[in-house]
Each structure stands twice: as C-alpha cells, then as structure tokens.
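Residue numbers (the numbering used here): 95 to 438.
Ideal placement from N, C-alpha and C gives every residue a C-beta, glycine not left out.
One structure is given here, and the rest of the page talks about it.
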C-alpha cells in the first residue's frame, strides 16, 4: 500500500520562504479555488479540470483542462511541494518544489526549484539547478511578479490542519432528520432541509450496507447544502448516481469520510469528497472536488466547485486555544472543533 503522508514535506521547505507575505486560504477558498488537494503523494493517468495542490510527489496526469472555468487564485494551476514527473499543465502555470522531469507546462509561468530534465515550457520559466529541455517561453533569470506571487502562495496555507478541522466540525453536525431508505439494490437519499437550506445525513449506522448498493437516488427537496457524514474506514463503492445526479448535484454534496483510510470509486461519483486520512483510487470520473491524503487517479476529476454554505454554528464545546484557529483560518464563527481522536 502506498505510504500516506500528512502535513508539509521537508523536501519542499523552500516554499515557506516569503510565504509570510501571503495570506493563508480559509476553508471556503480552498473548496472553491481547488479541484483537487492531496496532502501526500499522487499518481495520475487521467486529467483534472481545475487547480491542483499536491503536498508530496506527483507522477503523471493532465491539469487545468479548463482554465477559463477555474476560480481566480494566487496559486498556480499546479503546485507540487516535492518532485513531479510526466505531468502536463494546460493553463495557469506551475510551482514545483523538487525536480521536474519529462513534463510540459503549456501555458502560464513556471517555477521549479529542484532542477528540470527533459521538460517543455511554453511560458516563461524560472529553474534553479540543472535545466534541460525546451524553454519556448524564455528562461527567466529572476522571478517575475506572478512567479513570486505563485511561489509565496504555495507555502502559505496549512491544508492539512484546515481540512482536518473542517472534517472534525462537519462530523459533529446533528442530522437534520435526513434519512436513507432501501429498495432492493437502490439507496434513496431523502433530505430534510433546515431554515438555512442545509440538509445533514448521518450515515454512520448504515454506511456498510449503503455503500454496498448499486444505485443512489437523491431527493434533495430544495437543499442548497448537503453534508453526508460517514465513519466507514475501508470501502469500495460502485453505485450509479441515478438521473444525472452526479452532475446535477455535484456542487451541493459534501461527503465527509472522517475515519476512512482507503476509498475506491468504481462508478461516476457526485459531490466533493473530504477524506483527509484516506488513500483514494478513482476508477471513474468524479463530479466535484477531491480533498484527500493520497491519490491514485484513474478517472477524470471535473470542476464542480462546492457552492453550498458551510454551517456557522454548532453545539460543539470549544477546546481552549482552538478559537483563534477557527476564526482566522476558517471563518466559521461560533463553530468550534473537537480535536480529532488519533485512534479513529
């Protein structure tokens, strides 16, 4: 099994240089500016529509297939804190902390701190260390303003802490009365919506049965934000989202796999997937954001930025010292986190 990596990688400590001048992203900004965030290592044989951040190393994949549909950000189209190889960046440039090899940055500027071997840069590129390849956009001797902005942003946000905190907060939400019923191999999600347009599903008592079903049907009943909490640890899911639900509801659904360590998706998936401890394998397309520990991407990840409103209040008791982090890092006023139980 691939090694899981959390938090910042030592190999990319350079990204912290100058980062104090950049403002860290809050939760909502992460969910809207990024199509994929991987805290550790990632491999890919497919493409991602929007912006990607990888905290470890990256091998393969095509990134920012639709730059015109990608939210504005100080981050480059692809940010990798470690080494990257055989990647193709279609737009918005790249920042790579380690060595870049056998890759193409087709549009936008590039910053590579670990040397480059056999790469093609069609925009301006700044490379430290030995460099070989095609510098069609020019090899820069100093960082441009955009390069510096992308570089400062790259080390400014502790994605692991912020996303872990979000997951902890969401799992403490009380169900709004939303329920799942079963009809043979079909699971029917029936949302009950509160006054703020939020529907919360607590799936913990049924998730083993639920994720064994072959069809998902959704009755959202006007919900603008749907949070689905599950404590399942290892799961392979092959359910079909009926009636185009994956595309239709991808922006509204936020699946919180707060205890998961391994997830495999064998059918098209709808909604953002938050699983900060999990190794995710997607064998089919995902309609929504991906926020995981490590990734083996074998299907496309389509840009369906979360459009819901994160809950602003909870009955959770705040832990001393957590208030400043929540207010400054997340902007979720009054919604305090309980420290993750390291034993799961």
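By Cβ distance below 7 Å, which residues in the same chain neighbour residue 265 in space, the five residues on each side in sequence not counted?
The residue labelled residue 265 in the question sits at position 171 within the chain shown. Answer for residue 265: 323, 350, 352, listed in chain order.
The beta strand (DSSP E) that contains residue 295, what's its start and end?
For the purposes of this step, residue 295 is taken as the residue at position 201 of the chain shown. Note, residue 295: beta strand (DSSP E), 292-296.
Along the chain, where does the beta strand (DSSP E) that runs through residue 441 open and close?
Because the chain is modelled from 95 through 438, residue 441 falls outside the range shown and cannot be assessed.
Suppose the cutoff is 7 Å on Cβ atoms and the five residues either side in sequence are ignored; what does the same chain contact list for residue 414 look like?
Numbered from 1 along the chain shown, position 320 holds the residue referred to as residue 414. Unreliable placement is indicated for residue 414, whose pLDDT of 32 sits below 50; the coordinate value is still reported in the next sentence. Counting only Cβ-Cβ distances below 7 Å, and skipping sequence neighbours, we find nothing.
Between the C-alpha atoms of residue 396 and residue 223, what's the straight-line distance to the nearest angstrom?
Sequence index remark: in the chain shown, residue 396 carries index 302 (1-based). Sequence index remark: in the chain shown, residue 223 carries index 129 (1-based). Going by the C-alpha atoms only, they are around 35 Å apart.
Measure the beta-carbon distance from residue 291 to residue 318 and round it to whole angstroms, keeping in mind my assumption that it falls under 8 Å.
Your numbering for residue 291 matches position 197 in the chain shown. Your numbering for residue 318 matches position 224 in the chain shown. So it is a contact: roughly 4 Å between Cβ atoms.
Would you decide whether residue 287 is buried or exposed? Buried here means 16 or more other CB atoms lie within 10 Å of its CB.
If you number the chain shown from 1, residue 287 lands on position 193. Counting Cβ neighbours within 10 Å, residue 287 comes out buried, since at least 16 surround it.
Might you give, ordered along the chain, the residues of its own chain that have their beta carbon closer than 7 Å to the beta carbon of residue 296, omitting 5 neighbours on each side?
For this step, residue 296 is matched to residue 202 along the chain shown. Result list for residue 296: 269, 323, in chain order.
Measuring CB atoms only, is the region 240-260 touching the region 198-217, in the sense that at least three cross pairs come out at less than 8 Å?
Flag = yes, the region 240-260 and the region 198-217 touch.
Compare the Cα-Cα distances from residue 147 to each of 175, 122, 160 and report the closest residue.
Residue 147 sits at position 53 when you count from the first residue of the chain shown. Ranking the options by Cα distance to residue 147, first place goes to 175.
Beta-carbon within less than 6 Å of residue 382's beta-carbon, same chain only, minus the 5 sequence neighbours each way: which residues are those?
Position 288 of the chain shown, counted from the first residue, corresponds to residue 382. Around residue 382: 344, 365, 366, 398.
Is residue 192 buried or exposed, if buried means 16 or more other CB atoms sit within 10 Å of its CB?
If you number the chain shown from 1, residue 192 lands on position 98. By the 10 Å Cβ count, residue 192 comes out buried.
Buried or exposed, going by whether 16 or more other CB atoms sit within 10 Å of the CB of residue 212?
The sequence position of residue 212 within the chain shown is 118, counting from 1. Residue 212 is exposed by the Cβ-count criterion.
Given this structure, state the Cα-to-Cα distance separating residue 333 from residue 311, to the nearest angstrom.
Here the question's residue 333 lines up with position 239 in the chain shown. Here the question's residue 311 lines up with position 217 in the chain shown. Near 10 Å, if we compare the C-alpha coordinates of residue 311 and residue 333.
Enumerate, from N- to C-terminal direction, the unbroken beta strand (DSSP E) stretches of 3 or more residues contained entirely within the region 199-262.
Taking only runs of at least 3 residues, the beta strand (DSSP E) segments lying wholly in the region 199-262 are 204-206, 210-215, 219-221, 225-229.
Considering only the beta carbon of each residue, do residue 220 and residue 234 sit closer than 8 Å?
Translated into the one-based positions of the chain shown, residue 220 becomes position 126. Translated into the one-based positions of the chain shown, residue 234 becomes position 140. Cβ atoms of residue 220 and residue 234: closer than 8 Å.
Here's a check: name, in chain order, each residue in its chain whose Cβ is nearer than 7 Å to the Cβ of residue 379, leaving out the five neighbours to either side.
Within the chain shown, residue 379 is the residue found at index 285, counting from 1. The residues are 362, 393, 394, 396.
Identify the continuous alpha helix (DSSP H) that holds residue 127 and give its terminal residues.
Along the chain shown, one-based indexing puts residue 127 at 33. 121-127 is the extent of the alpha helix (DSSP H) around residue 127.
Do you know how far the Cα of residue 252 is from the Cα of residue 123?
Counting from one through the chain shown, the residue named residue 123 turns up at place 29. Counting from one through the chain shown, the residue named residue 252 turns up at place 158. Taking the straight line from one Cα to the other gives about 13 Å.
Would you tell me roughly how many angstroms separate the C-alpha atoms of residue 261 and residue 402, rounded to the nearest one?
Translated into the one-based positions of the chain shown, residue 261 becomes position 167. Translated into the one-based positions of the chain shown, residue 402 becomes position 308. Using only the alpha carbons, I get a separation of about 15 Å.
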